[in-house]
Amino acid sequence: MLLIYTALVYEAKPLIECLKLKRDLRFKALRVFSGESILLLEGGVGPQKTTATITHFAKALTAIKPPPQIRVALNIGICGAAATFKLGALYQVSEVSTHSHTKVFFPGVSLDPELPSAKLRSFDEPLYANNPAAAGVELADMEGFAFFESSAIYFTEAKLGYLKIISDHLDCTCLDHHIIGTLFKPHLPRLTTVLKKALTCANPPHQVSASNTNSRN
Numbered sequence: 007m008l009l010i011y012t013a014l015v016y017e018a019k020p021l022i023e024c025l026k027l028k029r030d031l032r033f034k035a036l037r038v039f040s041g042e043s044i045l046l047l048e049g050g051v052g053p054q055k056t057t058a059t060i061t062h063f064a065k066a067l068t069a070i071k072p073p074p075q076i077r078v079a080l081n082i083g084i085c086g087a088a089a090t091f092k093l094g095a096l097y098q099v100s101e102v103s104t105h106s107h108t109k110v111f112f113p114g115v116s117l118d119p120e121l122p123s124a125k126l127r128s129f130d131e132p133l134y135a136n137n138p139a140a141a142g143v144e145l146a147d148m149e150g151f152a153f154f155e156s157s158a159i160y161f162t163e164a165k166l167g168y169l170k171i172i173s174d175h176l177d178c179t180c181l182d183h184h185i186i187g188t189l190f191k192p193h194l195p196r197l198t199t200v201l202k203k204a205l206t207c208a209n210p211p212h213q214v215s216a217s218n219t220n221s222r223n
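For the sequence shown, our numbering gives the first residue as 7, with consecutive numbering after it.
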């Protein structure tokens, strides 16, 4: 089973429509949509909501008989980026870190060799370009690290990965559903192809401490 996690309803909407997913009423307290071999989970903005939603979802899975086995889990959504990155571009993520931890995660899914990749750093609050913490940041979001950390706990057999569309240059532009839909629309054919291939990915996820990755930060 492939799990797609989105923070925003408007990130989920184009995927739900494109993949023809339906509301899954087995998850009464959560916004879950399903199709053949796919579950899409809408969470919320920020690390706390991400952790809480994935925890709740994982517990809800155990109540289903037989429980679906999550083999691949992907975080798909928009993100901010340094000014050198093109707005609207689609990236996969090569590593995930957070400003508040020394831990670094390396996604275990090679989604598309032709897709560019970049490093993702997660923050508790929106990151602005004039913040000193933005120095050296390539991609920035508020959910990526919590998604990996929580998924690695509950979906121990799953391969984890990311697909991020650049929405702003760390200026936290107000994004409505029209803008987000416009960002997603040109990438839907490629996203669909990547998702179909995702279940066959077999590279195991792993993590290393910052002491082992100093040369890469």
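No residue lacks a Cβ here, since even glycine has one placed at the ideal position from N, Cα and C. For clarity, every value in this text was computed on a predicted model and none was experimentally measured.
Residue i versus the options, residue with shortest Cα-Cα distance
i: residue 144; options: 155, 163, 66, 170; result: 170
i: residue 59; options: 38, 70, 94; result: 38
i: residue 17; options: 183, 40, 159, 27; result: 183
i: residue 54; options: 196, 136, 128; result: 128
i: residue 113; options: 105, 123, 107; result: 123
i: residue 96; options: 180, 177, 173, 14; result: 173
i: residue 33; options: 131, 47, 138, 27; result: 47
i: residue 160; options: 65, 130, 137; result: 65
Inter-residue spacing [alpha-carbon to alpha-carbon] between residue i and residue j
i: residue 44; j: residue 133; result: 32 Å
i: residue 215; j: residue 100; result: Any reading at residue 215 needs caution, since the residue's pLDDT is 42, under 50, leaving its predicted position unreliable; the model's value is listed next. Going by the C-alpha atoms only, they are around 16 Å apart.
i: residue 204; j: residue 166; result: 10 Å
i: residue 108; j: residue 93; result: 29 Å
i: residue 135; j: residue 73; result: 44 Å
i: residue 56; j: residue 71; result: 25 Å
i: residue 82; j: residue 138; result: 27 Å
i: residue 23; j: residue 197; result: 13 Å
i: residue 75; j: residue 41; result: 14 Å
i: residue 148; j: residue 51; result: 7 Å
i: residue 36; j: residue 12; result: 13 Å
i: residue 90; j: residue 177; result: 14 Å
i: residue 77; j: residue 146; result: 26 Å
i: residue 119; j: residue 180; result: 32 Å
i: residue 208; j: residue 31; result: With a pLDDT of 32 at residue 208, under the threshold of 50, the modelled position of this residue cannot be trusted, and the question is left open.
i: residue 28; j: residue 15; result: 14 Å
i: residue 86; j: residue 115; result: 22 Å
i: residue 185; j: residue 162; result: 35 Å
i: residue 221; j: residue 84; result: Bear in mind that a pLDDT of 34 at residue 221, under 50, signals an unreliable position, so the number given afterwards is only what the model happens to contain. So the two alpha carbons sit approximately 28 Å from each other.
i: residue 88; j: residue 49; result: 25 Å
Beta-carbon contacts of residue i that lie in its chain and below 8 Å, excluding the five residues immediately before and after
i: residue 201; result: 8, 10, 25, 44, 80
i: residue 62; result: 35, 36
Own chain residues within Cβ distance below 6 Å of residue i, not counting five before or after
i: residue 102; result: 111, 126, 150, 151, 154
i: residue 117; result: 98, 167, 200
i: residue 140; result: 133, 176
i: residue 68; result: none
i: residue 121; result: 98
i: residue 105; result: 129, 139
i: residue 131; result: none
Spatial neighbours of residue i in its chain, beta-carbon cut-off 7 Å, leaving aside the 5 residues before and after
i: residue 20; result: 187, 190, 191, 194
i: residue 157; result: 60, 79, 164, 166
i: residue 206; result: none
Contact test: residue i Cβ vs the ligand SAM heavy atom, cutoff 8 Å
i: residue 19; result: The ligand SAM is absent from the structure shown, which contains no ligand whatsoever.
Minimum Cβ-Cβ distance from residue i to chain C less than 9 Å
i: residue 121; result: Among the protein chains of the structure shown there is no chain C, as only one such chain exists.
*asked:* If we require 4 or more residues per run, which alpha helix (DSSP H) segments fall completely within the region 156-199?
replied: Given a length threshold of 4 residues, each whole run of the alpha helix (DSSP H) inside the region 156-199 is given here in chain order: 183-190.
_Runs of beta strand (DSSP E) lying entirely within the region 106-150, each at least 3 residues, in chain order_ = Every unbroken stretch of the beta strand (DSSP E) spanning 3 or more residues and falling wholly within the region 106-150 is given here in chain order: 110-112, 123-128, 145-147.
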